[in-house]
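Data first, discussion second: the structure below is written as structure tokens.
Number of protein chains: 2
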Amino acid sequence: MTDKCGTLGSVPRSGADARRRLQQAALELYQERGFDRTTSAEIAARAGVNERTFFRHFPDKREVLFDGEADLRAALMQSVAEAPGELPALDALLHAFRRAAQILEDNRAFREPRLRIIAATPTLRERELAKAAMLTDALAEALRQRGVADRLAGLAAATGWATFHHAAQDWIDDPSRSLEKHLLQAFDDLRGLAS
Amino acid sequence: MTDKCGTLGSVPRSGADARRRLQQAALELYQERGFDRTTSAEIAARAGVNERTFFRHFPDKREVLFDGEADLRAALMQSVAEAPGELPALDALLHAFRRAAQILEDNRAFREPRLRIIAATPTLRERELAKAAMLTDALAEALRQRGVADRLAGLAAATGWATFHHAAQDWIDDPSRSLEKHLLQAFDDLRGLAS
DNA sequence: CCGCATTTGTCAGTCACTGGCGCTACGGGC
DNA sequence: GCCCGTAGCGCCAGTGACTGACAAATGCGG
């Protein structure tokens, strides 16, 4: 019934490949019709697989857009761990965020359509916030492993992430300056606020 | 077919009353069976109304638990506006949070079961994060109306809220000290981090 | 060539949520 | 007392996200 081999010929059905096609199809459809006007069946159809397969690769419709987040988290945690030994908490975070900024700037074109879709869809913003919360938890844990006092780690991670996020927002609104510039300014602003 | 007037007799069907019964029923069922093991039909049945009525009062299953949030937001914004004139941004926020802390401490028993349910349910945590994001946006706006620089308002609101939330978390873990104590300590910690 | 594991297709089912329609109870104007 | 507009509700039918179970296919080592 489905054009399993009809449209694309004998595609390498390696599993990871279907996953990529599903991500691509979802991204396209979310752009064309908007998130809530595209059904999971449509995504699966464009990817050339069954609807059920979609939910085997992703737990729900939203998660398709949040796939690289685990990598970002890992990179951030590693950067925090590798930060110069006696740097205080916020500086260690800034060190990690500068690395993350590099990554974000490199594949900006790649992430931009995704950001627009998320920004336009409340339910996707919710999911994004949840991912951010998981990320700050991970950052707090990384700070603790650095020796940051248990009580301070969570607070430092939360405020640090808020500052990073704020910088990223500024960068989106004004891409003429680099993310790193925005980041440094945001951390300066933070210290100014708390003085 | 339904026991519309059968079980409870001629209840005052004033609309706002059905809403309260729905909230109560949902809270009970979420406690008894957990959020995802209770259906909207069950909530409606216990409240003595039709399932459709549930969705007339609340846009979705989660929102039942987040009803007072608008009040909290209004109270916070008013407190920020009423804060002594030349207080810097973070201090104005602290002023508002101390008022909010009073409110939270007063109906702690009222909110505690709700917190447990939310903490135990990922999808409810997502919604809570979304509400918090709306709240920080409102705080940023309140700060701007106070004359806080446009660029700083968002950052101050985000870090301030993170600090408040952190204090509230500490308070839940250690209720022997007052929320206000935790709040003051958290803001001290924040200034310590940024020094 | 044969099991064996992984991936997928198919089907049936649950449940959140929506639109539409008709009923009914209530409050105000006459 | 009567009419009428409105608001809240019950009811029904429908869409769409997601799940569990089972069978078919695909590819790989023996």
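Residue numbers (the UniProt record's numbering), protein chains in the order written: chain A, 1 to 195; chain B, 1 to 195. Each residue gets a CB set at the ideal place from its N, CA and C atoms; glycine is no exception.
{"Item": "Using 9 Å as the limit for Cβ to Cβ distance, is Ser178/B near chain A?", "Value": "no"}
{"Item": "What's the gap between the Cα of Gly160/B and the Cα of Arg144/B?", "Value": "14 Å"}
{"Item": "Of all the residues that make up the stretch 179-191 of chain A, which are near chain B by a beta-carbon distance shorter than 8 Å?", "Value": "Ala186, Asp189, Leu190, Arg191"}
{"Item": "Taking the beta carbon of Thr38/B as the centre, do at least 16 other beta carbons fall within 10 Å, making it buried, or is it exposed?", "Value": "buried"}
{"Item": "In the structure shown, what three-state DSSP assignment does Arg46/B receive?", "Value": "helix"}
{"Item": "Straight-line CA distance for Leu72/A to Leu104/B?", "Value": "36 Å"}
{"Item": "With three or more C-beta pairs closer than 8 Å as the rule, is the stretch 19-36 of chain A touching the stretch 110-125 of chain A?", "Value": "yes"}
{"Item": "Express the C-alpha separation of Ala44/A and Asp173/A in angstroms, rounding to a whole number.", "Value": "34 Å"}
{"Item": "Scan the stretch 100-127 of chain B for residues whose Cβ lies nearer than 8 Å to a Cβ of chain A and list them as they occur along the chain.", "Value": "Pro122, Arg125, Glu126, Arg127"}
{"Item": "Quick one: Cα of Arg108/B to Cα of Asp150/A, how far?", "Value": "26 Å"}
{"Item": "By the criterion of Cβ-Cβ separation under 7 Å, what are the contact partners of Gly154/B in chain A?", "Value": "His166"}
{"Item": "Can you check whether the CB of Gln23/B is closer than 9 Å to the CB of Val64/B?", "Value": "yes"}
{"Item": "Let me see if you follow: with CB-CB separation under 9 Å, is Gln145/A close to chain B or not?", "Value": "no"}
{"Item": "For a cutoff of 9 Å on Cβ pairs, would you count Arg151/B as touching chain A?", "Value": "yes"}
{"Item": "The alpha helix (DSSP H) with Pro122/B in it runs from where to where?", "Value": "122-145"}
{"Item": "For Leu76/A, return the contacting residues in chain B, with the cut-off set at a CB-CB distance below 9 Å.", "Value": "Within chain B, no residue comes near Leu76/A; the closest Cβ sits about 17 Å away, beyond 9 Å."}
{"Item": "Identify whether Leu87/A lies in helix, strand or coil by the three-state DSSP scheme.", "Value": "coil"}
{"Item": "Between which residues of its own chain and Leu124/A is the CB-CB distance below 7 Å, once the five residues before and five after are set aside?", "Value": "Phe35, Arg62, Leu65, Ile117, Ile118"}
{"Item": "Please state the DSSP three-state secondary structure of residue 279/B.", "Value": "The requested residue 279/B is not part of the displayed model; chain B covers only 1 to 195."}
{"Item": "Identify, in the order they occur along the chain, each residue of the same chain with its Cβ nearer than 7 Å to the Cβ of Leu152/A, setting aside the five sequence neighbours on each side.", "Value": "Ala89"}
{"Item": "Quick one: list the residues of chain A neighbouring Ala194/B, beta-carbon separation under 7 Å, in chain order.", "Value": "Leu90, Leu190, Arg191, Ala194"}
{"Item": "Does any residue of chain B have a CB that is nearer than 9 Å to the CB of Thr159/A?", "Value": "yes"}
{"Item": "Between which two residues does the alpha helix (DSSP H) carrying Glu82/B extend?", "Value": "69-82"}
{"Item": "Quick one: is Asp67/A near chain B, going by C-beta distance under 9 Å?", "Value": "no"}
{"Item": "For the alpha helix (DSSP H) containing Lys181/B, list its first residue and its last residue.", "Value": "179-193"}
{"Item": "Cα separation between Ala132/A and Ala100/B?", "Value": "25 Å"}
{"Item": "Report the three-state DSSP secondary structure of Arg66/A (helix, strand or coil).", "Value": "The residue asked about is misnamed: residue 66/A is Phe in this sequence, not Arg. It is coil, neither helix nor strand."}
{"Item": "Is there a C-beta anywhere in chain B that falls below 9 Å from the one on Asp170/A?", "Value": "yes"}
{"Item": "Going by beta-carbon coordinates alone, are Arg20/B and Val49/B separated by less than 9 Å?", "Value": "no"}
{"Item": "Between the Cα of Ala70/B and those of Asp170/B, Leu139/B, Ala158/B, spot the shortest distance and give me the residue it belongs to.", "Value": "Leu139/B"}
{"Item": "Quick check on Arg127/B: buried or exposed, where buried means 16 or more other Cβ atoms within 10 Å of its Cβ?", "Value": "buried"}
{"Item": "DSSP state of Phe164/A, grouped into three classes?", "Value": "helix"}
{"Item": "Output the distance between the C-alpha atoms of Asp137/A and His95/A, rounded to the nearest integer angstrom.", "Value": "17 Å"}
{"Item": "Please list the partners that Ala133/A has in chain B, where partner means a Cβ-to-Cβ separation under 7 Å.", "Value": "Leu129"}
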